[in-house]
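Remarks on the structure that follows.
Structure below.
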């Protein structure tokens, strides 16, 4: 990792990871580090019964405090990621990429450290074990010790950590995070958090040693401490500038996200813990802060930067709804799969889905940049099963239409529709909206041309026969005609002779014989290349011979039932390497990959094409779109 360039002209220097006390002692445990909470949990359970109940209660308090502190950071993380609530208060529009997420993966190491230190202190100082619940004198004493000792000590230690040698060996890690986030607060070296333990301990232990300690003082100080640290490292400005106009002294008593954010950009200023007063006294305050805060705060509620491109996504099922970036950041940064820890959250997620069903508006959930252009992911609050309910059709189309009209009003150039949002039975692949609003400036794109291209380019050239289920759909029709032009025999599964004949006539006269209508899966029992565009049951898959590969464009994907066959995922493309701020995985896809219909809209935007891409796929454009995607640095998955 490298130190981010600052405005003082210093060159970035490589970070050092071999310095003494830089690495965490339990780093080798990885995610198994949470086993270190085991003794606290065991003692907590043991303390609830028997004669040891009172004397062991400190284990309960440490364990509960650790959980509460983790919850505070998680809630701040969720709020920070709610683009639909706070997009106008964001200090930077840049998203958090996978590199930063991985770097901050173990942000909560400091909570474990402080739990261990706390347990050692409880065993060493019996006075910590027998504390009253509340003591007014202790609260006042804790505040005084914080202001007079903890704040100035942190200020001077922080300045020391910015000396070239200490920064190069330790503090660079904290500043390696390009976009501030609540988890960034805990992203530091082991030595720095040992020092922080001392700073946190001054008000709490000091108050206890003078005889005014209480349980509520420990809880209150530690939780407020974490709350303020998360606040300062948030990318969202939460303080209205008017409050400092009404109470001017307040701006020296509490820092804001904008205040601390300046420190990460201009690293020779704003060293305070929570109180800018000490930067004033130390002559290290950045005077640009006041105007910048007023500007950021004043922008709330105003129209910010308009995205060039919007991908209109939808939910799949209850579990996948928990893959949203504002739920668990680490979880959404990896391909979706059902995890054990999600199961207890299923009822709550279901309630949220039912509530969202009654919510009539789309909302943005993430953003990224590509070649200077801003790309948004908007979410239609509808989920897979709802698209197949006849009575829900009108409501879903209304929401999609409202999203298109909203994009048009904002000045968005391209809006691309996700799989079920462009369902043929729902709206004819977007034709409904284009016909209803002929004067749209935003271009509506279903992206199926690139989807067809990805599927077709994935079929080996030597293949001379394929079986196609879902043959009369938009994608099925285009795939069949394209393959017929390549002199590949296509077994088209359809019960409708009329629809088959119509598609057959679209193929060149001398290639029409390559399209063959079949009405049963048994007809493909000797074909090893299956292209699935409709739901296929495990029983129907049994007709495929061993060694068959299932290409897919069906949503949801079919169950991988056959162990003697291989299954492809939905058509997808890797975005260009110069994409910025991408930190979520699109459903089950790998990092940096998006569904082909999403990529198709990106290509449409990068190429500057001015036509709508709705309705039937233009077979002649399949190779054109494919070559454009490769030219812009996209790669098939």
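Numbering (this note's numbering), first residue to last: 1316 to 1952. The beta carbon of each residue, even a glycine, is placed where N, CA and C say it ideally should be. Please read these numbers as outputs of a predicted model, since none were measured by experiment.
Within 10 angstroms of its Cβ, does residue i collect 16 or more other Cβ (buried), or is it exposed?
{"i": "residue 1824", "result": "exposed"}
{"i": "residue 1382", "result": "exposed"}
{"i": "residue 1861", "result": "exposed"}
{"i": "residue 1600", "result": "buried"}
{"i": "residue 1342", "result": "exposed"}
{"i": "residue 1487", "result": "buried"}
{"i": "residue 1740", "result": "exposed"}
{"i": "residue 1787", "result": "buried"}
{"i": "residue 1810", "result": "exposed"}
{"i": "residue 1471", "result": "exposed"}
{"i": "residue 1502", "result": "buried"}
{"i": "residue 1756", "result": "exposed"}
{"i": "residue 1346", "result": "exposed"}
{"i": "residue 1652", "result": "exposed"}
{"i": "residue 1722", "result": "buried"}
{"i": "residue 1449", "result": "exposed"}
{"i": "residue 1451", "result": "exposed"}
{"i": "residue 1630", "result": "buried"}
{"i": "residue 1613", "result": "exposed"}
{"i": "residue 1745", "result": "buried"}
{"i": "residue 1677", "result": "buried"}
{"i": "residue 1594", "result": "buried"}
{"i": "residue 1663", "result": "exposed"}
Tell me which residue opens and which closes the beta strand (DSSP E) that residue i is part of.
{"i": "residue 1531", "result": "Taken as a continuous stretch (DSSP letters only), residue 1531 belongs to no beta strand (DSSP E), being part of the alpha helix (DSSP H) at 1530-1548."}
{"i": "residue 1758", "result": "1758-1760"}
{"i": "residue 1679", "result": "1678-1685"}
{"i": "residue 1859", "result": "From DSSP, residue 1859 is part of no beta strand (DSSP E); its letter is neither H nor E."}
Specify the secondary structure class of residue i as computed by DSSP and reduced to three states.
{"i": "residue 1850", "result": "coil"}
{"i": "residue 1434", "result": "helix"}
{"i": "residue 1518", "result": "helix"}
{"i": "residue 1895", "result": "strand"}
{"i": "residue 1925", "result": "coil"}
{"i": "residue 1566", "result": "helix"}
{"i": "residue 1731", "result": "strand"}
{"i": "residue 1551", "result": "strand"}
{"i": "residue 1525", "result": "coil"}
{"i": "residue 1337", "result": "coil"}
{"i": "residue 1490", "result": "helix"}
{"i": "residue 1479", "result": "helix"}
{"i": "residue 1940", "result": "helix"}
{"i": "residue 1461", "result": "helix"}
{"i": "residue 1738", "result": "coil"}
{"i": "residue 1702", "result": "helix"}
{"i": "residue 1506", "result": "helix"}
{"i": "residue 1455", "result": "helix"}
{"i": "residue 1585", "result": "coil"}
{"i": "residue 1344", "result": "helix"}
{"i": "residue 1880", "result": "coil"}
{"i": "residue 1766", "result": "helix"}
{"i": "residue 1467", "result": "helix"}
{"i": "residue 1872", "result": "coil"}
{"i": "residue 1900", "result": "coil"}
{"i": "residue 1945", "result": "helix"}
Between which two residues does the alpha helix (DSSP H) harbouring residue i extend?
{"i": "residue 1690", "result": "Where residue 1690 is concerned, there is no enclosing alpha helix (DSSP H), although the beta strand (DSSP E) it sits in stretches over 1688-1695."}
{"i": "residue 1579", "result": "1572-1580"}
{"i": "residue 1717", "result": "1708-1725"}
{"i": "residue 1594", "result": "1592-1596"}
{"i": "residue 1750", "result": "1746-1751"}
{"i": "residue 1557", "result": "1557-1561"}
Taking DSSP's pairing of strands, which residues face residue i in a bridge?
{"i": "residue 1259", "result": "Because the chain spans 1316 through 1952 in this model, residue 1259 falls outside it and cannot be assessed."}
{"i": "residue 1910", "result": "1887"}
{"i": "residue 1950", "result": "1889"}
Consider the Cβ of residue i: report whether some Cβ of chain D lies at a distance smaller than 7 Å.
{"i": "residue 1930", "result": "Here there is only one protein chain, and chain D is not present."}
Checklist entry - What are the complete beta strand (DSSP E) segments, minimum 3 residues, inside the region 1769-1844? => result Listed in chain order, the complete beta strand (DSSP E) runs (minimum 3 residues) inside the region 1769-1844 are 1780-1784, 1804-1808 and 1830-1833.
Next on the checklist: Give the list of continuous beta strand (DSSP E) stretches no shorter than 3 residues that lie fully inside the region 1607-1672.
Outcome noted: You should have 1624-1629.
Item to check | Segments assigned alpha helix (DSSP H), at least 4 residues, entirely inside the region 1373-1453 | outcome: DSSP runs (the alpha helix (DSSP H)) wholly in the region 1373-1453: 1398-1401, 1413-1418 and 1424-1439.
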